[in-house]
Amino acid sequence: MITALLLPTLALMALAVLVTRGIEALVPESPAGLAAIAVLSSLALWLLSAAGFAGLYLIRDAQIAVVLGAAPQAGLRHFLGLGAKAALIWAPLVLLVVATAPRRWKTATW
């Protein structure tokens, strides 16, 4: 159970915080910047979690690469769907990091 469920969940949670904080350092300290952090972090985490699921599938069975090669659009759609479903794990953390971002602002005030 630990390797099948807990470790990927913890990895997604850690990735959610790290990616969002990383993007936070790149955008301006403004309400528009907060929206940009939320959108860019969500897109990045959606794609990263889809890639993570694809990697886990490949680790479990290397033959999946042959199947994905035969129908790449179906495979892409499947993994993007899994990445979107993983938002149940990472989206609340993105929301928390974005909501607390003004506390870490150095130049602007809320």
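Per my numbering, residue -13 is the first one in the sequence shown, and the count goes up by one each step.
Don't be surprised by glycine CBs; every beta carbon is placed ideally from N, CA and C.
N- and C-terminal bounds of the alpha helix (DSSP H) containing residue i
i: P58; result: 58 to 71
i: I23; result: 17 to 46
i: P(-6); result: -7 to 10
Straight-line Cα distance separating residue j from residue i
i: S27; j: V5; result: 6 angstroms
i: A73; j: L34; result: 11 angstroms
i: Y43; j: V25; result: 27 angstroms
i: F39; j: R7; result: 23 angstroms
i: W32; j: V52; result: 24 angstroms
i: G61; j: L54; result: 5 angstroms
i: A18; j: V83; result: 15 angstroms
i: P58; j: G69; result: 16 angstroms
Identity of the residue in the options nearest residue i by Cα
i: K92; options: P14, L(-2), L1, A18; result: P14
i: A77; options: I23, A2, A(-10); result: A2
i: V80; options: A56, E10, Q49, H64; result: E10
i: T(-11); options: R46, L20, A94, I50; result: R46
i: A21; options: A85, A37, L66; result: A85
i: L66; options: P(-6), A30, R90; result: A30
i: A36; options: L(-9), A56, H64; result: H64
i: L(-4); options: G41, I75, P88; result: I75
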